[in-house]
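I have placed the structure first, in the form of structure tokens, so that the comments after it can refer back to it.
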Amino acid sequence: MNGGGRLDRSLRLPGYKSVLLRASDLLKQANLLRWAASGAAILLREQIDKLKRARAERLDARARNPNRAIAFIERYVPRRLGAIMTVVVVGGSAVLGVVAGGHVDEAVAALDDTRNALANAAGFRITSVTVNGRTQLTQEEVLAAGGVNGRSSLLFLDAAGVRDSLKANPWIADATVLKLYPGALQIDITERLPFALWQENGKLAVIAADGIVLTPHVSQRFATLPLVVGKGAETRARDFLALVANYPVVNSQLKAAIFVGERRWNLRLKDGLDIRLPENDVGRALAALVKYDRENKLLSRDITAIDMRFPDRLTVRLSEEAAKAREEQLKKSSKKAGSA
Numbered sequence: 007m008n009g010g011g012r013l014d015r016s017l018r019l020p021g022y023k024s025v026l027l028r029a030s031d032l033l034k035q036a037n038l039l040r041w042a043a044s045g046a047a048i049l050l051r052e053q054i055d056k057l058k059r060a061r062a063e064r065l066d067a068r069a070r071n072p073n074r075a076i077a078f079i080e081r082y083v084p085r086r087l088g089a090i091m092t093v094v095v096v097g098g099s100a101v102l103g104v105v106a107g108g109h110v111d112e113a114v115a116a117l118d119d120t121r122n123a124l125a126n127a128a129g130f131r132i133t134s135v136t137v138n139g140r141t142q143l144t145q146e147e148v149l150a151a152g153g154v155n156g157r158s159s160l161l162f163l164d165a166a167g168v169r170d171s172l173k174a175n176p177w178i179a180d181a182t183v184l185k186l187y188p189g190a191l192q193i194d195i196t197e198r199l200p201f202a203l204w205q206e207n208g209k210l211a212v213i214a215a216d217g218i219v220l221t222p223h224v225s226q227r228f229a230t231l232p233l234v235v236g237k238g239a240e241t242r243a244r245d246f247l248a249l250v251a252n253y254p255v256v257n258s259q260l261k262a263a264i265f266v267g268e269r270r271w272n273l274r275l276k277d278g279l280d281i282r283l284p285e286n287d288v289g290r291a292l293a294a295l296v297k298y299d300r301e302n303k304l305l306s307r308d309i310t311a312i313d314m315r316f317p318d319r320l321t322v323r324l325s326e327e328a329a330k331a332r333e334e335q336l337k338k339s340s341k342k343a344g345s346a
């Protein structure tokens, strides 16, 4: 102690500061725990209140509608869904009625006309149409084949669809469709040329070189076309007639080419002479026929048929008059031989 009876220095206990720090930390942790517990209690209370409200709502809905399924729908299905479903059902019924009644084409046409009318009113009416490449078809026939009419608008015109429709016409081999806004349409077509007349089962038609039937109606303008007859003749005619054309003596007198059994050809000449050609080596047979005619005037003889189906011989059939004359000639020859 000093002179005043006091301690000379402060009392220092061992670890005093560390104890104070630990106490402070414990106090902070206790406060945190108290706050966390308080927050958890608040959240728990809110959740319990929420569950109570949901239960009360369920009970109220059940009281209003004892059917649980309907109560569930009323609670959880979004608002206005009923109106939407009503529209869907009515629309579906209308579509079903159109389909079942067979009015789909009429409905589609009505929709197309409506939108085309709107586009025409907006300035996209087709005011100019140019069709190039036509010789057999009229412009009206080309437009009708493409489905283009006075109600069509350039805006909604399907150029690819028009092209496909045009190519579906047997006269049109290819087509190009150009839309030139705001109101011009250009169509370029490549027509098939009439190649021959084809007869099968007594029916006559005009065909192209590739065998496609162009029209079943034969007008006077097609009367000079070569005639081919028989099943399969329409697809084989081009090559065969090209071969016959190499022999002008025969080709100039040709009236019809007849395809027999889908295997070989017969020729019918303008004077009624029938020439039966072989199945193979047709060119050789025609060359031999020209040679016989040049040496013996065979095609101008009084005969009705020449059979060249066998490669080692040629057989002819005389007309009735020629056959009688030949028979009388043979009788005279036999009498002369007997008298001698």
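So that you can map any letter, position 253 of the sequence shown is 259 in the working numbering, and since no number is skipped, the others follow by simple counting.
Virtual Cβ for every residue (Gly too), placed ideally from N, Cα, C.
Roughly how many angstroms lie between the CA atoms of residue i and residue j, to the nearest whole one?
i    : j    : result
A166 : P232 : 36 Å
G278 : L163 : 56 Å
E240 : R282 : 19 Å
T230 : N122 : 46 Å
S258 : R315 : 22 Å
I132 : D180 : 23 Å
Q142 : D118 : 31 Å
L292 : K276 : 17 Å
T144 : N302 : 52 Å
G156 : Q205 : 39 Å
A62  : A47  : 22 Å
A294 : E327 : 26 Å
Short of 8 Å in beta carbon distance, which residues of its chain neighbour residue i, apart from the five on each side in sequence? Order them along the chain.
i    : result
T136 : A190, L191, Q192 and I193
G129 : P188 and G189
W271 : F246, A263, I264, F265, L283 and V288
L203 : L210, A211, V212, I213, V224, F228, L231, P232, L233 and V234
V296 : Y253, V255 and V256
If distances are taken between C-alpha atoms only, which option among the options comes closest to residue i?
i    : options                   : result
N175 : A150, D308, P188 and W204 : A150
V168 : L161, W177, L160 and V154 : V154
L305 : K185, E327, R274 and L117 : R274
D216 : I178, R157, E206 and K261 : I178
A125 : S159, E52 and L295        : S159
A347 : V148, G236 and L161       : A query on residue 347 cannot be resolved here, the shown segment of the chain reaching from 7 to 346 and no further.
K173 : P317, R290 and I218       : I218
If the criterion is Cβ atoms closer than 8 Å, does the pair residue i and residue j meet it?
i    : j    : result
F228 : P200 : yes
E285 : G238 : no
D198 : L220 : The displayed chain sequence assigns Arg, not Asp, to residue 198. Contact: yes.
S325 : D308 : yes
A311 : R319 : no
Tell me, please, whether the CB atom of residue i is closer than 8 Å to any CB atom in chain B?
i    : result
A150 : Judged by its chain identifiers, the structure shown contains no chain B, having just a single protein chain.
Looking at the unbroken alpha helix (DSSP H) that takes in residue i, where does it start and where does it end?
i    : result
V255 : P254 to N257
L173 : First, the residue type needs correcting, since residue 173 is Lys and not Leu in the sequence shown. Run containing K173: A165 to K173, per the alpha helix (DSSP H) assignment.
At which residues does the beta strand (DSSP E) containing residue i begin and terminate?
i    : result
R290 : Taken as a continuous stretch (DSSP letters only), R290 belongs to no beta strand (DSSP E), being part of the alpha helix (DSSP H) at V288 to N302.
R242 : Looking at the DSSP string, R242 is not in any beta strand (DSSP E); the run it does join, the alpha helix (DSSP H), is A239 to V250.
Q192 : A190 to E197
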